[in-house]
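One structure is given below, encoded as structure tokens.
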Amino acid sequence: MDNNRNFFITIALSVVILTAWQVLYMNPRIEAQKEAARIEAEREEVKRPDKTAINPSIPQPEAQPIGNNVPAGDASASQASRIKIDTPKLSGSINLAGGRIDDLILKDYRVTVEADSDKITLLEPVSGAEGFFAEVGFTGAGKKTNYPNADTTWQAPANAVLTPTSPVTLTYSNGSGLDYSRTISIDDNYLFTIKDEVANNTGGAVAMSNYGRITRLQAPQIAGFFILHEGLIGVTGEKGLREIDYDDLVDDKEVKPGKSSDGWLGFTDKYWAVALVPQQGTSFQPRYSWFDDEGGRFQSDYLADQFVVQPGATKSVETLVFAGAKQVSVIDGYEESRGIRQFELMIDWGMFHFITKPLFYVIDWLFKLLGNFGLAILGTTVLVKIVFFPLANKSYASMARMKVVQPAMLEIREKYADDKMKQQQAMMELYKKEKINPVAGCWPILIQIPVFFALYKVLFVTIEMRHAPFFGWIQDLAAPDPTSIFNLFGLLPYDVPAFLLIGVWPLLMGITMFLQMRMNPTPPDPTQAMIFTWMPVVFTFMLATFPAGLVIYWAWNNFLSIIQQGVIMKRNGAKIELWDNLRGLLKKKPKQPAE
1 MDNNRNFFIT IALSVVILTA WQVLYMNPRI EAQKEAARIE AEREEVKRPD KTAINPSIPQ
61 PEAQPIGNNV PAGDASASQA SRIKIDTPKL SGSINLAGGR IDDLILKDYR VTVEADSDKI
121 TLLEPVSGAE GFFAEVGFTG AGKKTNYPNA DTTWQAPANA VLTPTSPVTL TYSNGSGLDY
181 SRTISIDDNY LFTIKDEVAN NTGGAVAMSN YGRITRLQAP QIAGFFILHE GLIGVTGEKG
241 LREIDYDDLV DDKEVKPGKS SDGWLGFTDK YWAVALVPQQ GTSFQPRYSW FDDEGGRFQS
301 DYLADQFVVQ PGATKSVETL VFAGAKQVSV IDGYEESRGI RQFELMIDWG MFHFITKPLF
361 YVIDWLFKLL GNFGLAILGT TVLVKIVFFP LANKSYASMA RMKVVQPAML EIREKYADDK
421 MKQQQAMMEL YKKEKINPVA GCWPILIQIP VFFALYKVLF VTIEMRHAPF FGWIQDLAAP
481 DPTSIFNLFG LLPYDVPAFL LIGVWPLLMG ITMFLQMRMN PTPPDPTQAM IFTWMPVVFT
541 FMLATFPAGL VIYWAWNNFL SIIQQGVIMK RNGAKIELWD NLRGLLKKKP KQPAE
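First residue of the sequence shown? That's 1 in our numbering, and the numbers climb one at a time after it.
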């Protein structure tokens, strides 16, 4: 049994991986597909009522927090009531009714890898099927004072177009001496800056509060994987990061963290996000809500503390709105340049972000050097091998020496067959004399697992990997290999079920895993030998559903490990069992004599 200790450790780790994959990957995936089908069926059966008919009034903060009604909005409004948005990365418009950002398309991203696929629509007016918008405004206690809110129609210059070089200024006068000016600017990426100025010409002090909200009429179809959060999100107050799932919020109705003077809040999808950044240094109350009215809607909002504008004075408030793709460099750049606390957490790096994020930076650096993310993954594998080479080298060398001293180990077992205590003592003395670590063989596997899962996370959550091609048939490293051996990789004119999509790269991974295992002696126990034989097959089917980039990494890593292990075994005088094992598979087994 001692001979196979490392083998049993390998089997145990493999079982853990297989179980985790089934419970944490496949089961949520199946449930997510069922839920998506249910939502689609309900959408066909129940037509959403016209949101433009909903009462647009906004209650005052003393009575009830902002945002308990959806404002009026019309997707079919004329262009005269909208300001066009045209930037290198965004197109769309701003609705002058409420000054809402509710029409936004991402120019650089399409729904599928097809060149003529529709571009991603991020924000939609409330009268659309999937209404989603961001809005800022003012509210207060004065019943006779009109504050610019969801009902307000702002005035804009004729033919105004919002671009990175041409901000747009909107104006509104409440008719009672309060004059508002709103300047909206945007950068080359995805950040809107909204600067509101209010001039008090009433002759008396006026108190008010500014608010911001992001409203989503329905939960989108989400990936449904345990390693990724999609839903409401924010970093505020002492607790910091809050991640709230859609279904949890439907149950809880409202999540109201403590007040904060910095941070951000909004919604995050797998690759896109919309977030509000209140004026930093000003106290505000964040809130995440579900409103069960006219079909239901989700909302992330904040209400700032009340401020007073003295007669003849002007008060200004600045709010940032992020709406776009979660590009790592862009998100990190905003955190640094605009001082947004932990804005990097908009991307779900997970609890092991100290491994995941550096790994992304390595892959991204190699991509800029090599021009292909697939090559970058191969290069990253080599760098990881170099970093862990001393440990892996020591491990493989110890394994090789174990093979060399096999005769001595067998002699000890025979000599102390009836005394297990002396047998173990003699074994330990042999290990010490030969400088052998009996559990060293598991280290190459152990050090590979964290990197494997970190790479999986990078491929799964980062938009840089989305639709990133390799070569040939791999046009999306974040998606599984689309080929299958069961239709001869597309040569036969029929599709195969998803569970039979065993493509070229999963097969290469399985072959390299098989060869690596065959470098060691076949276990004498029949059960062990069977597991030894079928494990590469099981892993081939399992990894066929994983992102192609991950399978490419695993296959390449196996190939490098075979070379490394072979060189070390030869250097230490250990026999490489690969060729004998392969020849043994081809030999006919002798027939058992009939009883």
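We treat Cβ as the ideally placed atom computed from N, Cα and C, and that holds for glycine.
Treat the numbers as computed from the prediction; the structure is a model and nothing was measured.
For this session: With a 10 Å radius around its C-beta and 16 neighbouring C-beta atoms as the bar for buried, classify residue 274 as buried or exposed.
Result: Stepping through the sequence shown from its first residue, residue 274 is reached at position 274. When all chains shown are included, residue 274 counts as buried.
Exercise. Quick one: what's got a C-beta closer than 8 angstroms to residue 370's C-beta in the same chain, skipping five residues either side?
Worked result: Your numbering for residue 370 matches position 370 in the sequence shown. Excluding five sequence positions before and after residue 370, the CB atoms of its chain that fall closer than 8 angstroms to its own CB belong to 376, 379, given in chain order.
Exercise. Grouping DSSP H, G and I as helix and E and B as strand, with all else coil, what is residue 72?
Worked result: As a first step, residue 72 is located in the sequence shown; it is residue number 72 there, counting from the start. Because the pLDDT at residue 72 is just 46, under 50, the model does not fix this residue reliably, and the value given afterwards should be weighed accordingly. Reduced to three states, the DSSP call for residue 72 is coil.
Problem set entry | residue 309 versus 551, 207, 183, 558, residue with shortest Cα-Cα distance | Counting from one through the sequence shown, the residue named residue 309 turns up at place 309. If we check each option's Cα against that of residue 309, 207 comes out closest.
Problem set entry | Boundaries (first-last residue) of the alpha helix (DSSP H) holding residue 504 | In the sequence shown, counting from the first residue as 1, residue 504 sits at position 504. 504-517 is the extent of the alpha helix (DSSP H) around residue 504.
Problem set entry | DSSP three-state assignment for residue 571, whether helix, strand or coil | For the purposes of this step, residue 571 is taken as residue 571 along the sequence shown, with counting starting at 1. Helix.
Problem set entry | Proximity winner among 550, 552, 510, 551, relative to residue 534 (alpha-carbon distances) | Position 534 of the sequence shown, counted from the first residue, corresponds to residue 534. Across the set 550, 552, 510, 551, the C-alpha of 510 shows the shortest separation from the C-alpha of residue 534.
For this session: Assign residue 329 to one of three DSSP states: helix, strand, or coil.
Result: Stepping through the sequence shown from its first residue, residue 329 is reached at position 329. In the three-state DSSP reduction, residue 329 falls in the helix class (H, G or I).
For this session: Using beta-carbon positions only, say whether residue 106 and residue 324 come within less than 8 angstroms of one another.
Result: In the sequence shown, the residue the question calls residue 106 occupies position 106. In the sequence shown, the residue the question calls residue 324 occupies position 324. Between residue 106 and residue 324, the CB-CB gap stays under 8 angstroms.
Exercise. Thinking just about the alpha-carbon of each residue, which of 267, 132, 168 is nearest to the one in residue 104?
Worked result: Here the question's residue 104 lines up with position 104 in the sequence shown. The residue from 267, 132, 168 with its alpha-carbon nearest to that of residue 104 is 132.
For this session: Tell me the start and end of each unbroken alpha helix (DSSP H) in the segment 264-346 that is at least 4 residues and wholly inside, in chain order.
Result: Those alpha helix (DSSP H) runs which fall completely within the segment 264-346 and span 4+ residues are 328-337.
Problem set entry | Residue from 299, 341, 276 whose Cα sits closest to the Cα of residue 239 | Start at 1 with the first residue of the sequence shown, and residue 239 comes out as number 239. Of the candidates 299, 341, 276, the one whose C-alpha sits nearest the C-alpha of residue 239 is 341.
Exercise. CB-CB under 6 angstroms to residue 246, same chain, minus the five flanking residues each way: which ones, in chain order?
Worked result: Here the question's residue 246 lines up with position 246 in the sequence shown. Counting only residues of its own chain and dropping the five nearest sequence neighbours on each side, residue 246 has a CB closer than 6 angstroms to the CB of 219, 231.
For this session: Look at the alpha carbon of residue 456 and the alpha carbon of residue 110, and state the distance between them as a whole number of angstroms.
Result: Residue mapping note: residue 456 aligns to position 456 of the sequence shown, counting from 1. Residue mapping note: residue 110 aligns to position 110 of the sequence shown, counting from 1. Going from the Cα of residue 456 to the Cα of residue 110 covers about 23 angstroms.
For this session: Throw me the rounded Cβ distance for the residue 481 and residue 548 pair, which I believe falls under 8 angstroms.
Result: Start at 1 with the first residue of the sequence shown, and residue 481 comes out as number 481. Start at 1 with the first residue of the sequence shown, and residue 548 comes out as number 548. Their Cβ separation, rounded to whole angstroms, is 5 angstroms, which keeps residue 481 and residue 548 in contact under 8 angstroms.
Problem set entry | Where the alpha helix (DSSP H) containing residue 141 begins and where it ends | One-based indexing of the sequence shown puts residue 141 at position 141. DSSP places residue 141 outside any alpha helix (DSSP H), giving it a letter other than H or E.
For this session: Give me the Cβ distance between residue 180 and residue 148, rounded to the nearest whole Å; I'm assuming they're in contact under 8 angstroms.
Result: Numbered from its first residue, the sequence shown carries residue 180 at position 180. Numbered from its first residue, the sequence shown carries residue 148 at position 148. Yes, residue 180 and residue 148 are in contact; Cβ-Cβ is about 5 angstroms, under 8 angstroms.
For this session: Give the DSSP bridge partners of residue 135, in chain order.
Result: Here residue 135 is taken as the residue at index 135 of the sequence shown, counted from 1. In the DSSP secondary-structure assignment, residue 135 is bridged to 213.
Exercise. Looking at the structure shown, is residue 576 part of a helix, part of a strand, or coil, going by DSSP?
Worked result: For the purposes of this step, residue 576 is taken as the residue at position 576 of the sequence shown. DSSP places residue 576 in the coil class of the three-state scheme, outside both helix and strand.
Exercise. Which of helix, strand or coil does DSSP assign to residue 238?
Worked result: As a working mapping, residue 238 is identified with position 238 in the sequence shown. Three-state DSSP puts residue 238 in coil, outside helix and strand.
For this session: Spell out the partners DSSP gives residue 179 in its beta bridges.
Result: Working through the sequence shown from its first residue, we reach residue 179 at position 179. Answer is 173, 199, bridged to residue 179.
Exercise. What does a CB cutoff of less than 7 angstroms around residue 490 pick up in its chain, not counting 5 residues either side in sequence?
Worked result: Start at 1 with the first residue of the sequence shown, and residue 490 comes out as number 490. So the list reads 483, once near-sequence residues are dropped.
Exercise. Of all the beta strand (DSSP E) runs that stay within the bounds of the segment 371-457, which reach a length of 3 or more residues?
Worked result: You should have found no qualifying run.
For this session: Return the chain-ordered list of same chain residues with a C-beta closer than 7 angstroms to the C-beta of residue 463, the five sequence neighbours on each side being excluded.
Result: Position 463 of the sequence shown, counted from the first residue, corresponds to residue 463. In chain order, 271, 325, 326, 327 place their CB closer than 7 angstroms to the CB of residue 463, counting only its own chain and leaving out the 5 sequence neighbours on each side.
Exercise. Can you tell me whether residue 217 is buried or exposed, with buried defined as 16 or more other CB within 10 angstroms of its CB?
Worked result: Within the sequence shown, numbered from 1, the residue matching residue 217 stands at position 217. Buried: at least 16 other Cβ atoms inside 10 Å.
Exercise. Is it buried or exposed for residue 425, if we count other Cβ within 10 angstroms and need 16 for buried?
Worked result: Here residue 425 corresponds to residue number 425 of the sequence shown, with the count starting at 1. Exposed, because fewer than 16 other Cβ atoms sit within 10 Å of the Cβ of residue 425.
For this session: Taking residue 246 as part of the alpha helix (DSSP H), name the residues at either end of that continuous run.
Result: Taking the sequence shown and counting its residues from 1, the one referred to as residue 246 is at position 246. 246-252 is the extent of the alpha helix (DSSP H) around residue 246.
Exercise. When DSSP labels each residue in this structure, what does residue 596 get in the three-state scheme?
Worked result: Any question about residue 596 goes unanswered here, given that the chain covers just 1 to 595.
Exercise. Which residue comes first and which comes last in the beta strand (DSSP E) that contains residue 166?
Worked result: Counting from 1 along the sequence shown, the entry for residue 166 is found at position 166. No beta strand (DSSP E) contains residue 166, which DSSP labels as neither H nor E.
Exercise. What number of angstroms, rounded off, separates the C-alpha of residue 126 from the C-alpha of residue 102?
Worked result: Position 126 of the sequence shown holds residue 126. Position 102 of the sequence shown holds residue 102. Those two C-alpha atoms are separated by around 8 angstroms.
Problem set entry | Local conformation of residue 51 per DSSP, three classes | Walking along the sequence shown from the start, residue 51 turns up at place 51. Interpretation of residue 51 is limited by its pLDDT of 39, a score under 50 that renders its predicted location unreliable; no figure is taken from the coordinates.
For this session: Just mark residue 508 as buried or exposed, buried being the case when its beta carbon has 16 or more other beta carbons within 10 Å.
Result: Within the sequence shown, numbered from 1, the residue matching residue 508 stands at position 508. Residue 508 comes out buried.
For this session: Kindly indicate which residue of 283, 297, 253, 461 has the alpha-carbon position closest to the one of residue 225.
Result: Along the sequence shown, read from residue 1 onward, the residue named residue 225 stands at position 225. Among 283, 297, 253, 461, the Cα nearest to that of residue 225 is on 461.
For this session: Only counting runs of 4 or more residues, tell me where the alpha helix (DSSP H) segments fall wholly within the segment 93-124, in order along the chain.
Result: Taken in chain order, the segment 93-124 contains no complete alpha helix (DSSP H) segment of 4 residues or longer.
Exercise. So the beta strand (DSSP E) residue 84 belongs to, where does it begin and stop?
Worked result: Along the sequence shown, read from residue 1 onward, the residue named residue 84 stands at position 84. In the DSSP assignment, residue 84 falls within the beta strand (DSSP E) that extends over 82-86.
Exercise. Is residue 564 near residue 519, with beta carbons less than 8 angstroms apart?
Worked result: The residue given as residue 564 occupies position 564 in the sequence shown. The residue given as residue 519 occupies position 519 in the sequence shown. Their beta carbons are not under 8 angstroms apart, which means residue 564 does not touch residue 519 by this criterion.
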